[in-house]
Each structure stands twice: as C-alpha cells, then as structure tokens.
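Undergrad: Under my numbering, read the sequence shown as residues 339 to 479, first letter to last.
Yeah, the Cβ is synthetic: ideal placement off N, Cα and C, and Gly gets one too.
Predicted model, so just to flag it, every value in this text is computed and none were measured.
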Amino acid sequence: MQVSTTYDPDFDPDPSTWRSIDAHDRVRLVISHHAQNRISVSDNRMHALLHVNIENMLLQGKGPVTRALEKLRAEGHPRHKVIHILATVWLAYPVGSIGGSANLTHQEQQLAFNAAMETITGEGWLQLHKHLRSKLKKDLQ
Numbered sequence: 339m340q341v342s343t344t345y346d347p348d349f350d351p352d353p354s355t356w357r358s359i360d361a362h363d364r365v366r367l368v369i370s371h372h373a374q375n376r377i378s379v380s381d382n383r384m385h386a387l388l389h390v391n392i393e394n395m396l397l398q399g400k401g402p403v404t405r406a407l408e409k410l411r412a413e414g415h416p417r418h419k420v421i422h423i424l425a426t427v428w429l430a431y432p433v434g435s436i437g438g439s440a441n442l443t444h445q446e447q448q449l450a451f452n453a454a455m456e457t458i459t460g461e462g463w464l465q466l467h468k469h470l471r472s473k474l475k476k477d478l479q
C-alpha cells in the first residue's frame with residue numbers, strides 16, 4: 339500500500355486512516371516522523387514498533403491504556419512523551435518482557451499490566467524507566 343499520510347505522536351491518528359495502513363507502513367511512518375524531526379533513538383525499528391503497539395492499543399480502546407493516556411495528559415505531559423511512558427509500562431509487564439515474571443500466569447500478567455496502567459504517573463514512570471535500564475544493564479553484563 340502506498341502511504342499518503344503522516345504520523346505525528348502529538349496527535350491521535352485518525353482511526354479509519356490508521357486501520358487502513360498495514361503494520362509495516364505504520365512502522366515506516368513512525369520512523370519517518372522521528373527522522374524528519376531529528377529525534378535520535380538507539381533502535382529506530384524497535385522504537386517505532388513500540389509506538390505502533392501503543393497506538394494500536396489506544397485505537398482498540400483498551401480501557402486502562404486509554405485512561406492512562408488521559409491521566410498523563412492531564413498531568414501536562416505531551417502526547418509523544420505519554421506514548422513513551424505507556425510503552426515503558428508495556429515493556430515492564432507482558433510475559434517474557436524485560437520486567438515480566440515467569441512465575442505469573444498470562445491472566446496475572448494482564449492484571450498487573452492493567453493495574454500499572456491505572457496507577458502510572460509521570461514520576462512513577464521515571465522510577466520504572468530507571469529500574470528497567472538498570473535491569474537491562476545488569477542482564478547484559
């Protein structure tokens with residue numbers, strides 16, 4: 339599909355347009371936005387996949403994710419930063435992720451993820467982000 343649209347994480351994507359774009363083109367749109375705006379990230383593709391995943395959850399109306407977006411925006415955070423906050427929470431909770439626990443069932447993981455989304459704040463994100471970076475660094479040693 340030839341993509342004739344752009345992506346801007348500071349604005350909600352148009353639902354019908356977003357749905358009409360295949361996953362690969364969504365990723366390309368996110369990468370393009372970051373490149374055009376000279377936003378440097380360590381792994382363009384992974385970063386874009388995280389954006390797309392969160393946008394998809396928001397489009398699907400995932401309650402805890404949508405409420406977290408609204409709450410964080412009300413705290414004064416720009417939408418793009420909120421996408422990063424939500425992606426950090428997502429990375430911390432699914433099975434097999436950086437922060438996920440192999441001792442929990444999928445249902446327990448989902449409940450933990452939902453609770454984290456419901457309670458995340460900008461300050462809480464900073465703490466979670468530092469924890470995950472420390473864990474990654476330790477795991478890579």
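(1) Pick out the complete alpha helix (DSSP H) segments inside the segment 341 to 373, 4 residues or longer, and give them in chain order.
(2) Rounded to whole angstroms, what is the Cα-Cα separation between E456 and D346?
(3) Given a threshold of 16 other Cβ atoms within 10 Å of its Cβ, counted over all protein chains shown, does R411 qualify as buried or as exposed?
(4) With distances taken from CA atoms, which of H415, L478, A406, A361 is nearest V427?
(5) Does the beta-carbon distance from V379 to H385 come in below 8 Å?
(6) By alpha-carbon positions, which one of A450, V390, T459, I392 ends up nearest to K409?
(7) For E446, which three-state DSSP category applies?
(8) Going residue by residue through the segment 372 to 418, where are the continuous beta strand (DSSP E) segments of at least 3 residues, counting only ones entirely within it?
(9) Under 8 Å, do N382 and I369 count as touching if we go by C-beta distance?
(10) If you check the beta carbons only, do H418 and D348 fall under 8 Å apart?
(11) Once DSSP output is grouped into helix, strand and coil, what is the label at I423?
(12) Quick one: using the 10 Å Cβ neighbour count with 16 as the cut-off for buried, is I377 buried or exposed?
(13) According to the neighbour-count rule (16 or more other Cβ atoms, all chains shown, within 10 Å of its Cβ), is P353 buried or exposed?
(14) Evaluate Q374 with the Cβ neighbour count: other Cβ atoms within 10 Å of its Cβ, from every protein chain shown; 16 or more gives buried, anything less gives exposed.
TA: By the coordinates alone:
(1) 353 to 358
(2) 25 Å
(3) exposed
(4) A406
(5) yes
(6) T459
(7) helix
(8) none
(9) yes
(10) yes
(11) helix
(12) exposed
(13) exposed
(14) exposed
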